[in-house]
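Chemist:
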Amino acid sequence: MSSGFSTMLVSEGVFETLFPEFEGGFTPWNDQEPTFFLDHQDQGSVFSPTPLQEPVFSNSGSDNSDRSISGSVVTNKKRDSPDSVLNHLPVIDERKRRRMVSNRESARRSRMRKQKHLDNLRNRVNRLKIENQDMLNGLRWVAHHSQLVRTENERLRSESHMLRQKMRDMHQLLLARHIQEQLFSVAWPCNNVTHINE
Numbered sequence: 001m002s003s004g005f006s007t008m009l010v011s012e013g014v015f016e017t018l019f020p021e022f023e024g025g026f027t028p029w030n031d032q033e034p035t036f037f038l039d040h041q042d043q044g045s046v047f048s049p050t051p052l053q054e055p056v057f058s059n060s061g062s063d064n065s066d067r068s069i070s071g072s073v074v075t076n077k078k079r080d081s082p083d084s085v086l087n088h089l090p091v092i093d094e095r096k097r098r099r100m101v102s103n104r105e106s107a108r109r110s111r112m113r114k115q116k117h118l119d120n121l122r123n124r125v126n127r128l129k130i131e132n133q134d135m136l137n138g139l140r141w142v143a144h145h146s147q148l149v150r151t152e153n154e155r156l157r158s159e160s161h162m163l164r165q166k167m168r169d170m171h172q173l174l175l176a177r178h179i180q181e182q183l184f185s186v187a188w189p190c191n192n193v194t195h196i197n198e
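Okay, here's the thing in structure tokens:
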């Protein structure tokens, strides 16, 4: 096919009809071979049909990434489809419901712990108030008895002072009486002799 096309191009009839003759009655193509920009091998490659080449696939990680991307796109499309959304709605509602129930239960347990701790603190405060009142009552009792003891002590001290004073008075009286008897016996010795003879 290429040879026929080349002979058709170099035929004189075609060039004569396409281009007029120059001076001298010749054309510049009569005395030289036609020059082509492509050699014979390139002409054959241009005008001959080239076999289709099959695409070459590499085993690099890009293939896996493309497959994963395409798979994710497909899964996203599936997820975004109305049927899949409707199918996932009950699961999402159930998860929300369970989460709400769990949060409510956690809040209830937290309130119970706080209430129990508050009750324990109140009971402890009441117990400490009772103990404090008992200690105050005991302190008042001790203060009252201490006052009684001080009063009794003062009374005993005054009584002791009075008794000591009476003892001194009696001692002085006895001493004066003894001295008087001694003086009377020295002043009247005859009376004593008369009494002895009788």
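When we follow full-length UniProt numbering, the leftmost residue of the sequence shown carries the number 1, and every step to the right adds one.
For every residue, glycine included, the Cβ atom is placed at its ideal position computed from N, Cα and C.
Rounded to whole angstroms, what is the Cα-Cα separation between Met135 and His117?
Modeler: 27 Å
Chemist: How many Å lie between Gln180 and Leu174 at the Cα?
Modeler: 10 Å
Chemist: Taking only the alpha-carbon atoms, compute the straight-line gap between Met170 and Leu163 and give it to the nearest angstrom.
Modeler: 10 Å
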